[in-house]
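Participant:
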Amino acid sequence: MANKSNYEYLLSDLTKLNGVGIKTTNLLKRKKINNIFDLLWKLPKSYTDRTLSTKIKDLRIGENQTITIIPKKYLFPRVRNLPNRVSCFDESGEIDCIFFNSYEGYVRKILPLGKEITVSGKIGFYRNKYQLTNPKYVSEDSSLIKQKHNTYSLTEGISEKIYNKIINQIINNLPILKEWHSKNILDKFDNINWNEAIIELHKSENIGKYQDNFYQRLAFDEIFSTFLVNSEIRKKIKKIKKKSKSLDIKKQINLINKLEFSLTNDQKKTLEEINQDLSSSNKMFRLLQGDVGSGKTIVSLIAAYNTVNSGFQVALMAPTEILARQHYNFAKKLFSKEINIELISGKSDYKTKKIILNKLDNNNIDIIFGTHAIFQKKVNFKNLGLIIIDEQHKFGVNQRKRLSDKGGKNCDVLLMTATPIPRTLTMTMYGDMDLSIIREKPKSRKPIKTYSKLESKINDVIKFIKKEIQLGNQIFWVCPLIEESKKIDHSSAVKKFEYLNKLFPNQVSLLHGKTDIEDKEIILDDFLKKKFKILVSTTIIEVGIDFPNANVIIIENANKFGLSQLHQLRGRVGRGNKDSACILMFKSNLSDNAKKRINILKESNDGFYISEEDMKIRGFGDILGFKQSGIKNFKLADPIHNNDLFLLAEKEIKRIENNSEDIGRFKPLIKLYDRADVINDIA
Ligand code: ADP
Ligand code: MG
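Read in this note's numbering, the sequence shown has 342 at position 360, and its numbers run on one by one without any break.
(1) Go ahead and label His163 buried or exposed: buried means 16 or more other beta carbons lie within 10 angstroms of its beta carbon, across all protein chains shown.
(2) Using the three-state DSSP reduction, which class does Asp(-5) fall into: helix, strand or coil?
(3) In terms of residue numbering, what span does the alpha helix (DSSP H) encompassing Lys335 cover?
(4) Measure the alpha-carbon distance for Thr289 versus Asp348 and round it to whole angstroms.
(5) Can the beta-carbon of Tyr655 be found closer than 7 Å to that of Ser(-6)?
(6) Could you check what DSSP says for Asn66 in three-state terms: helix, strand or coil?
(7) Nearest CA to the CA of Phe202: which residue from Asp626, Ile638 and Pro530?
(8) For Thr353, verify whether its CB is less than 6 Å away from any heavy atom of ligand 2.
(9) Candidates Asn236, Asp194, Asp169 and Lys431: which alpha carbon is nearest Leu630's?
(10) Tell me which same chain residues have a C-beta within less than 6 Å of the C-beta of Tyr310, skipping the five on either side of it?
(11) Just confirm the distance between the C-beta atoms of Lys560 and Asn533, as a whole number of angstroms; I'd bet it's less than 8 Å.
(12) Out of Ile516, Asp259, Lys37 and Thr(-3), point me to the one whose CA is closest to Lys668's CA.
(13) With DSSP run on the structure shown, which of helix, strand or coil describes Lys578?
(14) I'd like to confirm something about Trp278: is its beta-carbon nearer than 6 Å to some heavy atom of ligand 2, or not?
(15) Measure the Cβ-Cβ separation of Ser122 and Ile52 and say whether it is below 7 Å.
(16) Whose CA, out of Leu9, His131, Ile15 and Ile92, lies closest to the CA of Lys27?
(17) Taking DSSP as the reference, what is the three-state secondary structure of Leu572?
(18) At the level of alpha carbons, what is the spacing between Tyr481 and Ser474?
(19) So, does the stretch 35 to 54 touch the stretch 66 to 86, judging by three or more C-beta pairs under 8 Å?
(20) Residues bridged to Leu57 by DSSP?
(21) To the nearest angstrom, report how far apart Asn455 and Ile371 are at their CA atoms.
(22) Taking 6 Å as the limit between beta carbons, can you name the residues of its chain near Asn362, skipping five residues before and five after?
(23) I'd like the list of long-range same chain contacts for Phe648, defined as Cβ closer than 7 Å, with 5 residues on each side in sequence excluded.
(24) Less than 8 Å between the CB atoms is what I'm expecting for Pro117 and Tyr(-11), so what's the real figure, rounded?
(25) Here's the rule: buried if 16 or more other CB atoms are within 10 angstroms of the residue's CB, otherwise exposed. What is Gln129?
(26) Using a Cβ-Cβ cut-off of 6 Å (strictly less than) and excluding sequence neighbours within five positions of Leu506, which residues of its own chain qualify?
(27) Which whole-angstrom value describes the C-beta separation of Leu41 and Tyr134, a residue pair presumed to lie in contact below a C-beta threshold of 8 Å?
(28) Of all the alpha helix (DSSP H) runs that stay within the bounds of the stretch 97 to 149, which reach a length of 4 or more residues?
(29) Indicate, with yes or no, if ligand 1 has a heavy atom lying under 6 Å from the CB of Phe590.
(30) Please determine if the stretch 399 to 419 and the stretch 266 to 282 are in contact, where contact requires at least 3 C-beta pairs separated by less than 8 Å.
(31) Who are Ser28's beta bridge partners in DSSP?
(32) Near Gly272, which residues of its chain fall below 7 Å by C-beta distance, leaving aside the five closest residues on each side in sequence?
(33) Excluding the 5 residues flanking Asn66 on each side, which residues of the same chain have their C-beta closer than 6 Å to its C-beta?
(34) Measuring CA to CA, which of Glu538, Ala179 and Leu453 is closest to Phe479?
(35) Express the C-alpha separation of Phe458 and Lys449 in angstroms, rounding to a whole number.
(36) Mind checking which residues open and close the alpha helix (DSSP H) that includes Asn625?
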């Protein structure tokens, strides 16, 4: 039995439960239920009410009912395959209980002659008699039957009865955990403690009561524990003392004056935030978040320049070679010969690589550009002062922390993401970092005109792009990505390519899931060099690459995408100073709801706003495939409906941080809710 105040019971193996053996354990493990705590979130979906009993004469055929009966006679057939039968009665009539594939001994045991037994199940009628086949709810103790029995979404091989039994067992043995929340927080949830809340959560009559105090408290616990871990990582990283960087602001001003454009206010503001961090004696761990095309690169390059001028090296990491090269080329123009920059590429031969590695080690390179290959073991820096990572929204908390550790103690970290996401999600996913946001787009940028078109009107679209091509412009043509079948995706892209190639001979190229990385880079490079006019592709066009000459994007089967995804795709164009257009194509007329969504996109070019609206309509799990991105999925909390709880958690964390409160009392909470590796460092 559990030590009543010990949370460890909840983390113990499922086999600790009575009646749960290896078989059930393995079945549950397949559902990612690995310990007792995981089972707490297996909630009833509905229930069967077996509380009311009737007399036999009042039974309704085909319904689940409860009766108390007396077994009168066993009818055990001599022939195999025939069922065992027990004839039973009450003062109003008779009923047969039928058992297929059963042992006589078992039947005798559960239905002893002459005793009052309560049974419950679906009532049948056969040869003029009521009958109950293979009754599962049978007991001399009627109180065990006359209950509300919860139904669960079942795991193969585990019956409803077993679930009820296991979960009741857990509920009855819940350790009584010492309260971790402050009084002020508890007040908001009518002072319900964790224990009571869990018990309420599992009651049949509470199914769907998301607004009740027990549910809200437990949802808050989830959010709060995530935020608390984030806060601890942040504190830990901030505590690391580093050599501060002395910035040469004169040089920075000269560089900015050299630009063809002036920085937006948000670019200036975020640069200032980064500069503050660079020149402080605490390590920077900062996220630069800004919509596609908001101009994050230049901000990061100025920060890199400042870092170099204070005597450190910088590494800039991009997700692909082509993007790394684009940043490198941009930097080469920007810095001319003033500082030493180098591109390390998977394609460079062994000798070239070796030279680069040597130069890095000898401090002869100021800024190195490349993919994640920069962080291979062999690469040593003489004096790394800043790591910049572009488009990294697929990194999890742990990976980020590891990266920060790897850079060494003098190394600041700046991450950039072009994925505007709702604020509640930003807090959840990036709460371990400081945040700089660019909301404003460069003034020169013209809004992308967005249209919708039925596929049957494809000729209008062709006419339109013909005109654009005559003007010297380039076109992206995105084919639908239908997840059910990669083959279909592929063939539909190929077909579209062939169709367009007939209309525009030698001006079309194709990129799809099967194109290998090297070919892909060549194709994208050729497109950049305007060697062809139309690029047909599935959705794999790289985030972040600047194709200033491409100004039209056609997205087929647009209802396959969420708004945020459409917005990101649309962001591939409109990066130069031409008028640009996005044409969303649909197979059939749009429903009212779909129209509403598409209108949001047509009317706004603000990724943050669009993502909020998208989340309201589709739920947060669907936004940009976050389900697969490794962020933890909340069991109860919901960033849409529990916005207030997210804000409350944020406020409470700030209060705890400001008062430098000891977080020891949260240890059980963190251990239970957040079993990430980072915790071992903290709790
Ligand atoms: P993202 O934030 O998506 O990474 P980029 O940094 O690639 O955006 O910038 C997109 C384009 O806008 C680049 O060609 C860049 O040179 C240009 N740009 C950046 N800042 C400004 C600005 N303030 N005014 C005009 N153009 C800018
Ligand atoms: Mg970018």
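Backbone N, C-alpha and C fix where the C-beta goes; we use that ideal spot for every residue, glycine too.
Facilitator: Result, derived from the coordinates:
(1) In the sequence shown, the residue the question calls residue 163 occupies position 181. Here His163 is buried, its C-beta having at least 16 other C-beta atoms within 10 Å.
(2) Here residue -5 is taken as the residue at index 13 of the sequence shown, counted from 1. In the structure shown, Asp(-5) sits in a strand (DSSP, three-state: E or B).
(3) Numbered from 1 along the sequence shown, position 353 holds the residue referred to as residue 335. Run containing Lys335: Tyr332 to Asp343, per the alpha helix (DSSP H) assignment.
(4) As a position in the sequence shown, residue 289 is number 307, starting the count at 1. As a position in the sequence shown, residue 348 is number 366, starting the count at 1. C-alpha separation (whole angstroms): 9 Å.
(5) Along the sequence shown, one-based indexing puts residue 655 at 673. Along the sequence shown, one-based indexing puts residue -6 at 12. Going by C-beta atoms, Tyr655 is not nearer than 7 Å to Ser(-6).
(6) By 1-based counting over the sequence shown, the position of residue 66 is 84. In the three-state DSSP reduction, Asn66 falls in the strand class (E or B).
(7) Your numbering for residue 202 matches position 220 in the sequence shown. Out of Asp626, Ile638 and Pro530, Asp626 has the C-alpha closest to the C-alpha of Phe202.
(8) The sequence position of residue 353 within the sequence shown is 371, counting from 1. Thr353: no, Cβ never under 6 Å from ligand 2.
(9) Translated into positions along the sequence shown, residue 630 becomes position 648. Nearest option by C-alpha distance: Asp169.
(10) Translated into the one-based positions of the sequence shown, residue 310 becomes position 328. Within its own chain, the residues whose Cβ lies closer than 6 Å to the Cβ of Tyr310, once the five positions on either side in sequence are excluded, are Leu325 and Phe351, listed in chain order.
(11) Against the sequence shown, residue 560 aligns to sequence position 578. Against the sequence shown, residue 533 aligns to sequence position 551. 5 Å between Cβ atoms; contact.
(12) For residue 668 there is no data in the structure shown, the boundaries of the chain being -17 and 665.
(13) Here the question's residue 578 lines up with position 596 in the sequence shown. When DSSP states are grouped into helix, strand and coil, Lys578 belongs to the helix group.
(14) For the purposes of this step, residue 278 is taken as residue 296 along the sequence shown, with counting starting at 1. One point to set straight first is that residue 278 is Lys, not Trp, in the sequence displayed. Indeed, a heavy atom of ligand 2 lies less than 6 Å from the Cβ.
(15) Position 140 of the sequence shown, counted from the start, is the residue given in the question as residue 122. Position 70 of the sequence shown, counted from the start, is the residue given in the question as residue 52. Note that residue 122 is Glu in the sequence shown, not Ser. Judged by beta-carbon spacing, Ile52 lies beyond the 7 Å limit of Glu122, meaning their Cβ atoms are not closer than that value.
(16) If you number the sequence shown from 1, residue 27 lands on position 45. Selected option, being the one with the closest Cα: His131.
(17) Numbered from 1 along the sequence shown, position 590 holds the residue referred to as residue 572. In the structure shown, Leu572 sits in coil (DSSP, three-state: anything other than H, G, I, E or B).
(18) Counting from one through the sequence shown, the residue named residue 481 turns up at place 499. Counting from one through the sequence shown, the residue named residue 474 turns up at place 492. Cα-Cα distance, rounded: 10 Å.
(19) Yes, they touch.
(20) Here the question's residue 57 lines up with position 75 in the sequence shown. According to DSSP, Leu57 bridges with Arg67.
(21) Counted from its first residue, the sequence shown places residue 455 at position 473. Counted from its first residue, the sequence shown places residue 371 at position 389. Roughly 31 Å between the two C-alpha positions.
(22) Working through the sequence shown from its first residue, we reach residue 362 at position 380. Closer than 6 Å at the Cβ level, and outside the excluded window around Asn362, lie Asp343.
(23) Taking the first residue of the sequence shown as 1, we reach residue 648 at position 666. Excluding positions up to five away in sequence, the list reads Trp162 and Leu210.
(24) For this step, residue 117 is matched to residue 135 along the sequence shown. For this step, residue -11 is matched to residue 7 along the sequence shown. Pro117 to Tyr(-11), Cβ: 39 Å. No contact.
(25) The residue labelled residue 129 in the question sits at position 147 within the sequence shown. Answer is buried; the Cβ neighbour count reaches 16.
(26) Here the question's residue 506 lines up with position 524 in the sequence shown. Cβ neighbours of Leu506 within its own chain (closer than 6 Å, five residues either side excluded): Ile304.
(27) Counting from 1 along the sequence shown, the entry for residue 41 is found at position 59. Counting from 1 along the sequence shown, the entry for residue 134 is found at position 152. The pair is not a contact, with the Cβ atoms about 27 Å apart (cut-off 8 Å).
(28) Segments of the alpha helix (DSSP H) lying fully in the stretch 97 to 149: 124 to 127.
(29) Taking the first residue of the sequence shown as position 1, residue 590 is located at position 608. No, ligand 1 has no heavy atom inside 6 Å of this Cβ.
(30) Yes, since at least three Cβ pairs between the stretch 399 to 419 and the stretch 266 to 282 fall closer than 8 Å, the two stretches touch.
(31) Position 46 of the sequence shown, counting from 1, holds the residue named residue 28. Assignment of beta-bridge partners to Ser28 by DSSP yields Thr133.
(32) By one-based count along the sequence shown, residue 272 stands at place 290. Cβ-Cβ distances below 7 Å link Gly272 to Lys278, Ala400, Ile419 and Ile420 in the same chain, with the five nearest sequence neighbours on each side left out; the list follows chain order.
(33) By 1-based counting over the sequence shown, the position of residue 66 is 84. Annotation for Asn66: Phe58, Phe81, Ser84 and Val89 place their beta carbon closer than 6 Å to its own, counting only its chain and skipping 5 residues before and after.
(34) The residue given as residue 479 occupies position 497 in the sequence shown. With distances taken between Cα atoms, Phe479 lies closest to Glu538.
(35) Taking the sequence shown and counting its residues from 1, the one referred to as residue 449 is at position 467. Taking the sequence shown and counting its residues from 1, the one referred to as residue 458 is at position 476. Straight across, the Cα-Cα distance linking Lys449 with Phe458 is about 15 Å.
(36) As a first step, residue 625 is located in the sequence shown; it is residue number 643 there, counting from the start. Asn625 -> alpha helix (DSSP H) spans Asn625 to Asn640.
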